[in-house]
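**Student:**
In the UniProt record's numbering, the protein residues as written are 1 to 622.
(1) Under DSSP, the alpha helix (DSSP H) around residue 249 begins and ends at which residues?
(2) In the DSSP assignment, what are the bridge partners of residue 460?
(3) Output the boundary residues of the beta strand (DSSP E) element that contains residue 417.
(4) What is the residue span of the alpha helix (DSSP H) that residue 536 lies within?
(5) Please go through the same chain and pick out, in chain order, the residues whose beta-carbon is closer than 8 Å to the beta-carbon of residue 488, but skip the five residues on each side of it.
(6) Assuming residue 353 and residue 292 form a contact by the criterion Cβ under 8 Å, report the distance between their Cβ atoms to the nearest whole angstrom.
(7) Going along the chain, which residues of its own chain have a beta-carbon closer than 7 Å to the beta-carbon of residue 535, five neighbours each way excluded?
(8) Do you know offhand how far residue 167's Cα is from residue 39's?
(9) Evaluate residue 434 with the Cβ neighbour count: other Cβ atoms within 10 Å of its Cβ, from every protein chain shown; 16 or more gives buried, anything less gives exposed.
(10) Just how far apart, CA to CA, sit residue 505 and residue 171?
(11) For residue 229, list the residues DSSP reports as bridge partners.
(12) Among all the DSSP beta bridges, which residues are the ones paired with residue 664?
(13) Spatial neighbours of residue 503 within its chain, please: C-beta separation below 7 Å, excluding the five flanking residues on both sides.
(14) Output the distance between the C-alpha atoms of residue 226 and residue 388, rounded to the nearest integer angstrom.
(15) Could you check what DSSP says for residue 81 in three-state terms: helix, strand or coil?
(16) Does the stretch 349-363 come into contact with the stretch 435-446, if we say contact requires no fewer than three beta-carbon pairs (one atom in each stretch) closer than 8 Å?
(17) Are residue 201 and residue 125 closer than 8 Å when you measure CB to CB?
(18) Use the C-beta contact count for residue 431: other C-beta atoms within 10 angstroms, 16 or more gives buried, fewer gives exposed.
(19) Starting from residue 121, follow its DSSP beta bridges and name the residues at the other end.
(20) Output needed for residue 29: all residues of its chain with C-beta closer than 8 Å, excluding positions within five of it in sequence on either side, in chain order.
(21) Would you check if the distance between the CB atom of residue 395 and the CB atom of residue 466 is smaller than 8 Å?
(22) Let me confirm a value: residue 337 is counted as buried when at least 16 other C-beta atoms fall within 10 Å, else exposed. Which label applies?
(23) Mark residue 533 as exposed unless 16 or more other C-beta atoms lie within 10 angstroms of its C-beta, in which case mark it buried.
(24) Short of 6 Å in beta carbon distance, which residues of its chain neighbour residue 19, apart from the five on each side in sequence? Order them along the chain.
(25) Are the stretch 138-156 and the stretch 190-199 touching by the rule of at least three beta carbon pairs closer than 8 Å?
(26) For residue 255 and residue 414, I'd like the C-alpha separation in whole angstroms.
(27) How many Å lie between residue 116 and residue 436 at the Cα?
(28) Is the stretch 103-111 touching the stretch 137-149, taking contact as three or more C-beta pairs under 8 Å?
(29) By how many angstroms is the C-alpha of residue 135 removed from the C-alpha of residue 63?
(30) Could you check which residue in 531, 17, 179 and 118 has the C-alpha nearest to that of residue 78?
(31) Looking at residue 543 and residue 513, is the spacing between their C-beta atoms short of 8 Å?
(32) Take residue 322 as the anchor and find which of 549, 262 and 118 has the nearest alpha-carbon.
(33) Buried or exposed, going by whether 16 or more other CB atoms sit within 10 Å of the CB of residue 8?
(34) Is it true that the CB of residue 281 sits closer than 8 Å to the CB of residue 307?
(35) So for residue 308, helix, strand or coil by DSSP?
This is the structure in structure tokens:
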């Protein structure tokens, strides 16, 4: 994909950052915000969802398209699942901890907090909410962040409930897990001030740093998602959802600019050819004896083949818009949204078992000439009809303009069609939750991570690299708690960053180690009940059996403390075994004997104590 002159193309981009908050309970109920394994589910239930009209009697286009494919949604419920999550009980009031955190975020973004927070319903019928809508609340407006290419405005800050987690798709039916549903989620929307892919990435990184500065956001895959809005002067506003990685944002923007630029050129070419879309035609007879696996499978199951002539489209349906994605792929995305497996088109045929003779017969059946293309769908009768109509509609749009739409991010930076852009008809008031008065004066502005790095160096003497690791790491809140409780800062930082990394590399299940486990082990060392040299063994023991207390793990690992007399006795034995070396080298033997002495004590004694006693014993012999 070639680099574009973004200013010349009129690139305009904006971001929507969605970040889960690390609160104790969910936004509208008292259930925990911890994720569960699907195998832990206690039961399941099902729902069918359909679109409803707004207060003005309007139906949202995105919801309407979603409803064209009838789906049954099954939900995994757990021993922690409540009636609110099942939509069998009205929601409770907005979680107070979430309100505090989101006002801290507003302060960091220099935003104006609203006087009163009103909960709204946002229509969503893809099954990700049992109620058929997502609850969302405006918290603040009119903020700003700085980037190297200029300021980026922050338009709004929303507090909303996270959707259910998609576990499995079973044809038209979908299985969701309710463990994620209702986790507090902040949505930060920027203004359309971003004018380059690099600025989009920098803005997202800056917002991410501000969010982590609260110490109250969840970390890990899926806990933060970026949606990117992109348009060019002759294109259209396109919302790209579900960008997981920050380092993918600039590539996403580049690819979308390229896609829209190619679609503009295709539009101009189609118009110059006086292109048009013909009537949908049943072409099943052309393929009665086909050896194509896809077509044969559909016909043998009682299906049919539907085709449409795309007059003037020859050579353009196969034109690449993004790496390995063509105009025909766009048509196929629309067909898939209506249940089909995909499409075939004459820019790629003969192939997939379709012969030259069948292509000729297909062209003849729909009246296509050499400058025309033909698209076909083979599926059950209802799906084939819906899918080929969707292909025809998308082809007609290709002649007129670049469509406004919502697209999904792929792992390679390309995107796929999801649905039309939602409109105002999807939002309406939530009558089950009373408005909440907000008072930002009660909220303390968090220290920025960049400021923490400087403070950790100045106040605790950490080197720059370790200070940054700790400040930006997932265990930053635990580090600060440990310091508040009197733990040595260098020891705490080393344990949380270096020791846990070493254990992970040794295949120790560090994910089993809770913050309470880690803090308890730190206190044992600080109180002199565990030598630092024994920390790895104790943590490994706890990881194998998380029900053990830190004290029990010390016993289990055989690292109960030894008296000074026992230390002196063990070291005297080491020196005696190496008497000749000591007499010959004196203190020069210290390093070699230190390792042997620590091994003899197996982490039961502090290294400093062992060092002092060993020096004394060597000096006696020297």
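A virtual CB, placed ideally from N, CA and C, is assigned to each residue, including glycine. Quick caveat, the model's predicted, so the values are computed rather than measured.
**Tutor:** Taking the coordinates as given:
(1) 249-272
(2) DSSP output for residue 460 lists no bridge partner at all.
(3) 415-419
(4) 535-544
(5) 526
(6) 3 Å
(7) 495, 499, 521 and 525
(8) 11 Å
(9) exposed
(10) 40 Å
(11) 14 and 239
(12) Because residue 664 is not part of the residues shown, which for the chain are 1 to 622, the question remains open.
(13) 510, 536, 539 and 540
(14) 32 Å
(15) coil
(16) no
(17) no
(18) exposed
(19) 135 and 428
(20) 82, 84, 85, 91, 92 and 182
(21) no
(22) buried
(23) buried
(24) 186, 211, 217 and 224
(25) yes
(26) 6 Å
(27) 5 Å
(28) yes
(29) Confidence in residue 63 is poor, its pLDDT being 49 and thus under 50, which makes the residue's placement unreliable; the coordinate value appears in the next sentence. Their backbone Cα atoms lie some 16 Å apart in a straight line.
(30) 179
(31) yes
(32) 262
(33) exposed
(34) yes
(35) strand
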